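Taking it in order: structure first as C-alpha cells, then the write-up.
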Amino acid sequence: MPILQVKNISKSFNGIHALKDLNFDINKGEIVGLIGPNGSGKSTFFNVLMNVYSKDNGEIFFNNINISNKATHKIAELGISRTFQDSKNCPQIKVNENLDLAFRYKNKISLLNVFFQNKTLKKEEKEHMKKIKFLLKKVGIENKFNALAKNLSYGQSKLLEILKIMASDAELILLDEPFSGLFEEMIKLISKLIIELSKKGKTIILIEHNMKLISEICDKVIVLDAGMKIAEGEFEEVKKTPVVIESYLGK
Numbered sequence: 032m033p034i035l036q037v038k039n040i041s042k043s044f045n046g047i048h049a050l051k052d053l054n055f056d057i058n059k060g061e062i063v064g065l066i067g068p069n070g071s072g073k074s075t076f077f078n079v080l081m082n083v084y085s086k087d088n089g090e091i092f093f094n095n096i097n098i099s100n101k102a103t104h105k106i107a108e109l110g111i112s113r114t115f116q117d118s119k120n121c122p123q124i125k126v127n128e129n130l131d132l133a134f135r136y137k138n139k140i141s142l143l144n145v146f147f148q149n150k151t152l153k154k155e156e157k158e159h160m161k162k163i164k165f166l167l168k169k170v171g172i173e174n175k176f177n178a179l180a181k182n183l184s185y186g187q188s189k190l191l192e193i194l195k196i197m198a199s200d201a202e203l204i205l206l207d208e209p210f211s212g213l214f215e216e217m218i219k220l221i222s223k224l225i226i227e228l229s230k231k232g233k234t235i236i237l238i239e240h241n242m243k244l245i246s247e248i249c250d251k252v253i254v255l256d257a258g259m260k261i262a263e264g265e266f267e268e269v270k271k272t273p274v275v276i277e278s279y280l281g282k
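If you're matching positions, the sequence shown starts at 32 in the numbering used here and goes up one per residue.
Written out as C-alpha cells, the structure reads:
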C-alpha cells in the first residue's frame with residue numbers, strides 16, 4: 032500500500048487551472064522529485080496536500096486515511112511536515128528552542144505544561160537537549176546552540192529547517208527547493224541528510240530545479256506542466272520523453 036495516494040486532484044484560481052486531474056502514488060521510503068517549469072503547480076500541490084488551499088475536487092490519502100478535508104494542523108499531526116522556500120524558523124528564539132518546539136510537537140507536550148513542569152517533563156527536557164546537541168553536532172553547527180535563529184546564515188537556516196523535521200519524526204516530508212541559493216558544501220550536507228531520512232523509512236517529496244541533484248538522490252520524478260502530470264518514472268528515462276524535453280528540460 033502506498034504511503035500517499037493522490038486521486039484526481041484539481042485546483043483553479045479565477046478559472047485558471049493550477050492543478051488538473053492529478054493522479055499518482057508514492058511508496059514509503061521513496062525520495063521523489065517534483066519537477067516542472069515555474070508556475071507548473073508544484074508549490075500549489077504542497078499547499079493543497081496540507082489543505083492550505085482547498086481542492087476543487089479529488090482526494091488525497093495518507094497511510095490509507097483520507098486527509099482531503101482535514102485541517103492543516105491535523106494533517107501535520109498525522110505525520111506530514113514541510114519546509115518552505117523562505118525560512119519559517121522562529122527568528123526571535125534560540126536555535127535549541129526552535130528544535131525543542133519540534134520535539135514537543137512530536138510528543139504533544141502543550142506549552143501550558145511547559146510553564147508548570149513536573150519531574151517527567153523536566154526529564155524529557157533533558158533528553159530533548161541531548162538530542163538537540165547531537166543533531167547540531169551532526170551538521171557541524173553545535174556552536175549555534177544558544178544563537179538566535181535570526182542570526183543564522185542563509186544556509187544554516189535551511190539546515191535548521193531540516194533538523195526540525197528530523198526532530199518532529201514526520202513520516203512524509205515535503206521540501207520546497209531545499210538547495211536553492213546554497214554553496215556546494217551545504218548542498219552535499221543536506222543531500223546526505225535527505226538520503227539518511229529515506230534509509231530510515233521516511234518518505235520525501237522535493238521540489239527542485241537542479242536536475243543534477245534530482246538525478247543523484249531521487250528514486251523517481253513526477254513532472255508537472257500547467258498543473259498536469261506529463262511524466263512519471265526514473266529520471267534517466269523521463270528526461271528522454273519528448274513531452275518533457277519540450278515543456279521543461281529543453282527550455
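Even glycine gets a Cβ: it sits at the ideal position worked out from N, Cα and C.
Because the structure is a prediction, the values reported are computed rather than measured.
Open item on the list: Let's test the definition: count the other Cβ atoms within 10 Å of the Cβ of F93 and tell me whether it reaches 16, buried, or not, exposed.
Closed with: Along the sequence shown, one-based indexing puts residue 93 at 62. Buried.
Task: Residue range of the unbroken beta strand (DSSP E) whose run includes T75 - done: What you label residue 75 is simply residue 44 of the sequence shown in a count that begins at 1. T75 -> not in any beta strand (DSSP E); alpha helix (DSSP H) instead, spanning K73 to L80.
- [ ] Within the same chain, show all residues whose beta-carbon is closer than 8 angstroms to that of L179, passing over the 5 residues directly before and after it, in chain order.
- [x] For the purposes of this step, residue 179 is taken as the residue at position 148 of the sequence shown. Cβ within range, chain order: P122, Q123, I124, K125 and V126.
TODO: Go ahead and label T114 buried or exposed: buried means 16 or more other beta carbons lie within 10 angstroms of its beta carbon, across all protein chains shown.
DONE: Position 83 of the sequence shown, counted from the start, is the residue given in the question as residue 114. By the neighbour-count rule (16 or more Cβ atoms within 10 Å), T114 is buried.
Task: Identity of the residues DSSP links to S222 by a beta bridge - done: Numbered from its first residue, the sequence shown carries residue 222 at position 191. None; S222 has no bridge partner.
Open item on the list: I'd like to know whether the C-beta atoms of I57 and I34 end up nearer to each other than 8 angstroms.
Closed with: For this step, residue 57 is matched to residue 26 along the sequence shown. For this step, residue 34 is matched to residue 3 along the sequence shown. A contact, by the Cβ cut-off of 8 angstroms.
Open item on the list: Give me the DSSP bridge partner(s) of E227.
Closed with: Against the sequence shown, residue 227 aligns to sequence position 196. In DSSP, E227 forms no bridge with anything.
Open item on the list: Please return the same chain residues whose Cβ sits closer than 6 angstroms to the Cβ of Q36, not counting the five positions on each side in sequence.
Closed with: In the sequence shown, the residue the question calls residue 36 occupies position 5. If we look at Q36 and ignore the five residues flanking it on each side, its Cβ neighbours are D56 and F92.
Task: Validate contact between the stretch 192-206 and the stretch 45-55 using beta carbons, cut 8 angstroms, 3 pairs - done: no
- [ ] Check the C-beta distance from I62 over to I253 and give it rounded, since I have them as a contact under 8 angstroms.
- [x] By one-based count along the sequence shown, residue 62 stands at place 31. By one-based count along the sequence shown, residue 253 stands at place 222. Actually they do not touch by this definition, with Cβ atoms about 12 angstroms apart.
Open item on the list: Just list the residues that DSSP pairs T234 with in beta bridges.
Closed with: Your numbering for residue 234 matches position 203 in the sequence shown. T234 pairs with L203.
- [ ] State the start and end residues of the unbroken beta strand (DSSP E) segment that holds I57.
- [x] Reading the sequence shown from its first residue, position 26 is the one you call residue 57. Element bounds for I57: I47 to I57.
Task: Beta-carbon proximity of L237 to L65, cut-off 8 angstroms - done: Translated into positions along the sequence shown, residue 237 becomes position 206. Translated into positions along the sequence shown, residue 65 becomes position 34. In contact: L237 and L65 (Cβ atoms closer than 8 angstroms).
Open item on the list: Taking contact to mean 3 or more Cβ pairs, one atom from each stretch, closer than 8 angstroms, check whether the stretch 204-212 and the stretch 224-243 are in contact.
Closed with: yes
Task: Cα-Cα separation, K105 to S99 - done: For this step, residue 105 is matched to residue 74 along the sequence shown. For this step, residue 99 is matched to residue 68 along the sequence shown. The straight-line gap from Cα to Cα measures roughly 11 angstroms.
Task: For I34, the three-state DSSP class (helix, strand or coil) - done: Residue numbering aside, residue 34 sits at position 3 when the sequence shown is read from its first letter. It is coil, neither helix nor strand.
Open item on the list: I need the boundaries of the alpha helix (DSSP H) containing I287, first residue and last residue.
Closed with: Here the chain comprises residues numbered 32 to 282, so residue 287 is not present and cannot be evaluated.
Open item on the list: Looking at the ligand PLP, does it come within less than 7 angstroms of E215, judged from the CB to the closest heavy atom?
Closed with: In the structure on display, the ligand PLP does not appear, and there are no ligands present to speak of.
Open item on the list: Quick check on I225: buried or exposed, where buried means 16 or more other Cβ atoms within 10 Å of its Cβ?
Closed with: Along the sequence shown, one-based indexing puts residue 225 at 194. Buried, since its Cβ has 16 or more Cβ neighbours within 10 Å.
- [ ] Rounded to whole angstroms, what's the CA-CA distance from A107 to M81? Just pull it up for me.
- [x] Counting from 1 along the sequence shown, the entry for residue 107 is found at position 76. Counting from 1 along the sequence shown, the entry for residue 81 is found at position 50. Distance between the alpha carbons of A107 and M81: 8 angstroms.
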